[in-house]
Amino acid sequence: PAWPASLSGLNPGWFGLYDLRYRKPGSYFDFGIVNSRILGVDRVWDILTRLNKRSNVVFVPVTYPPSKINGVMVSSFLTPTVKSPFTYPPGLKDEILNVVGGSDKYIIDVYDYRRKDPKQLFEELSAKTEHDFKIIRYLLKKYPDWDFFMAVIMTVDRAQHTLWKFFDKEHPRYVDDPELRDGLYELHRQIDEELAKTLELLPKDTAIIVVSDHGAKRMFYRINVNEVLIREGYLKLKKDVEEPMSLRMADEKGLIDWNNTKAFSLGAYIAQVFINLEGREPKGIVKPSEYEKVRDEIADILKSIRGPNGERLDNRAFLRENAYRGSKIDRMPDLTVYFDNLHYGANEAIGLKSIYSLETVKGPDDSNHGENGIFILKDPEERVRGNIKRLKLEDLMPTILGLLNIKAPDSIDGKSIL
């Protein structure tokens, strides 16, 4: 939910999203993919459209299907296929496809990046970076009459998840490969070079922000959270599961004993724990009067987990009401857990022999998301200077509006840094 929070100025509890997928109400594992229609909140370009300001929005997550705005929009990696209507206005799609040489040359994302040969992956990420900046510069030239232009480059995210172990000698799975040792650096350099060429197209009085929705840090292991819940008696199975599978698959096979299950967990980078609450979940058994007791017990168990060699881990558990606020907070996880300050990820699979694993059913990751992202502002008017402390994701939207001399709505959570 990081990009929607950044661009709406709202805590994710207002739109009820905590991942790229969401549990449909009244179900355990009937998931939907996050899309622009379910947010139900204004983002910065919606406000600008009402003020007759023009926005050009390119590759920003959670913009599919594209919104009708005053400007142009090209949706992101969540676009289903190249046949999908991924632009606004709709006719822009043919222009974009022509820019890259046709629909067979259009790259929505580098799919299955966790399992690709690393050398092939690097080449594909480099090609995707070139592809995206080609489109960005085309739109800057073709549609120059904008007040707000935003583009997101996803390849750096894909590279951090997969190429980290080639440059970081302290990584537990470090690989000394001369061809890939500088791969992550080279991709960053390519992005810098492409960005430099792009910035040359901007008017001199343009305020420029470089921002990320999260940071990155080396990942040691994952904690198989549902295996922990099984061992501690909070998640019950009808019979032992002998092979790794997702919790959703186990449910489809009728293997989960919901009548005796108190909690389950989702999530791949952080643990998203849901209490099997009576009246909320389809087969909930935990009474509201027992909710906090059960949740606190699980929080204590997960915080106490140690590493595979008995080493202490810096684990933190966040209660829902302390992490989120908003009208849809009831859809958020009851408990969110960071393992070892995010040097450990989470894994929702069951049927594993250990509470530790190196990968999920989707594949391995070299790095986890980090709490500290990047924020760089170049403001020709120098309305703010120096280091900015305690900047939150929600502060981005009001800061953008402030740079345009527009007051942000009083109802949002974020504050402008200007």
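Residues 3 to 420, numbered by this note's numbering, are exactly what the sequence shown covers, in order.
Using N, Cα and C, we set each Cβ at its ideal position, and we do this for glycine too.
First and last residue of the uninterrupted beta strand (DSSP E) at T200:
For this step, residue 200 is matched to residue 198 along the sequence shown. Here T200 belongs to no beta strand (DSSP E); instead the alpha helix (DSSP H) covers G185 to L201.
What number of angstroms, rounded off, separates the C-alpha of V154 from the C-alpha of Y30?
The count along the sequence shown starts at 1 and reaches residue 154 at position 152. The count along the sequence shown starts at 1 and reaches residue 30 at position 28. Distance between the alpha carbons of V154 and Y30 is about 32 Å.
Ordered list of beta strand (DSSP E) runs contained in the region 225 to 293, each at least 3 residues:
265 to 268 and 273 to 277
If you compare alpha carbons, which of P335, V288, I408 and G286 is closest to G269?
The residue given as residue 269 occupies position 267 in the sequence shown. Closest option to G269, Cα to Cα, is P335.
Spatially closest choice to N317 from I272, Y326, F276 and D253, by CA coordinates
As a first step, residue 317 is located in the sequence shown; it is residue number 315 there, counting from the start. Looking at the Cα atoms, I272 is the closest of the given residues.
Per-residue DSSP class, three states only, for A7
The residue labelled residue 7 in the question sits at position 5 within the sequence shown. DSSP places A7 in helix when its eight states are reduced to three.
Best match in K364, W260, L395 and R385 for proximity to E373 [C-alpha to C-alpha]:
Position 371 of the sequence shown, counting from 1, holds the residue named residue 373. E373 has its Cα closest to that of L395, out of K364, W260, L395 and R385.
One question on the structure: do L41 and V64 come within less than 8 Å of each other, judged by their Cβ atoms?
Translated into the one-based positions of the sequence shown, residue 41 becomes position 39. Translated into the one-based positions of the sequence shown, residue 64 becomes position 62. In this structure, V64 lies closer than 8 Å to L41 by Cβ.
For A351, the three-state DSSP class (helix, strand or coil):
Indexing the sequence shown from 1 puts residue 351 at position 349. In this structure, A351 counts as coil in the three-state DSSP scheme.
Leaving out five residues before and five after R116 in sequence, what residues of the same chain have Cβ atoms less than 8 Å from its Cβ?
Within the sequence shown, the letter at position 114 stands for residue 116. Only H163, T164, E361, K364, G365, P366 and D367 meet the Cβ criterion.
I378, buried or exposed, once every other Cβ within 10 Å from all chains shown has been counted against 16:
Locating residue 378 in the sequence shown gives position 376, counting from the first residue. Looking at its Cβ environment, which holds fewer than 16 other Cβ atoms inside 10 Å, I378 is exposed.
7 Å CB neighbourhood of Y326 in its chain, flanking five on each side removed:
As a first step, residue 326 is located in the sequence shown; it is residue number 324 there, counting from the start. Counting only Cβ-Cβ distances below 7 Å, and skipping sequence neighbours, we find N13, P14, G15 and M334.
What's the C-alpha gap between E283 and G28?
Here the question's residue 283 lines up with position 281 in the sequence shown. Here the question's residue 28 lines up with position 26 in the sequence shown. Using only the alpha carbons, I get a separation of about 6 Å.
From S413, K417, I419 and L420, pick the residue whose C-alpha is nearest to that of V43; which is it?
Translated into positions along the sequence shown, residue 43 becomes position 41. Looking at the Cα atoms, S413 is the closest of the given residues.
Any alpha helix (DSSP H) of 4 or more consecutive residues that is wholly inside the region 326 to 406
The qualifying runs are 398 to 405.
For N58, which beta-bridge partners are listed by DSSP?
Looking up residue 58 in the sequence shown gives position 56. DSSP lists V74 and F151 as partners of N58.
Does the separation of the CB atoms of K330 and G18 fall below 8 Å?
Position 328 of the sequence shown holds residue 330. Position 16 of the sequence shown holds residue 18. Yes, Cβ-Cβ distance for K330 and G18 is below 8 Å.
Please classify I232 as buried or exposed, where buried requires at least 16 other C-beta atoms within 10 Å of its C-beta.
Along the sequence shown, read from residue 1 onward, the residue named residue 232 stands at position 230. Result: buried.
Contiguous alpha helix (DSSP H) assignments of at least 4 residues, all confined to the region 294 to 325
322 to 325
Per-residue burial, S350 [other beta carbons within 10 Å of its own, 16 or more giving buried]
For the purposes of this step, residue 350 is identified with residue 348 of the sequence shown, where counting begins at 1. Residue identity differs from the one stated: residue 350 is Glu in this sequence, not Ser. Under this definition E350 is a buried residue.
Indicate whether the contact test is met: 3 or more Cβ pairs, each with one atom in the region 180 to 200 and one in the region 80 to 91, closer than 8 Å.
Output reads no: the region 80 to 91 does not touch the region 180 to 200.
Quick one: give me the first and last residue of the alpha helix (DSSP H) that F135 is part of.
Residue numbering aside, residue 135 sits at position 133 when the sequence shown is read from its first letter. From DSSP, the alpha helix (DSSP H) with F135 extends over P120 to K144.
Between L257, E244 and R250, which lies nearest to K238 when the distance is taken from Cα to Cα?
Within the sequence shown, numbered from 1, the residue matching residue 238 stands at position 236. Closest option to K238, Cα to Cα, is L257.
Cα-Cα separation between I287 and G347, rounded to whole angstroms
Position 285 of the sequence shown, counted from the first residue, corresponds to residue 287. Position 345 of the sequence shown, counted from the first residue, corresponds to residue 347. So the alpha carbons of these two residues sit roughly 28 Å apart.
Taking the beta strand (DSSP E) that V46 falls in, what are its first and last residues?
Taking the sequence shown and counting its residues from 1, the one referred to as residue 46 is at position 44. Premise fails: V46 lies in the alpha helix (DSSP H), V46 to R52, not in any beta strand (DSSP E).
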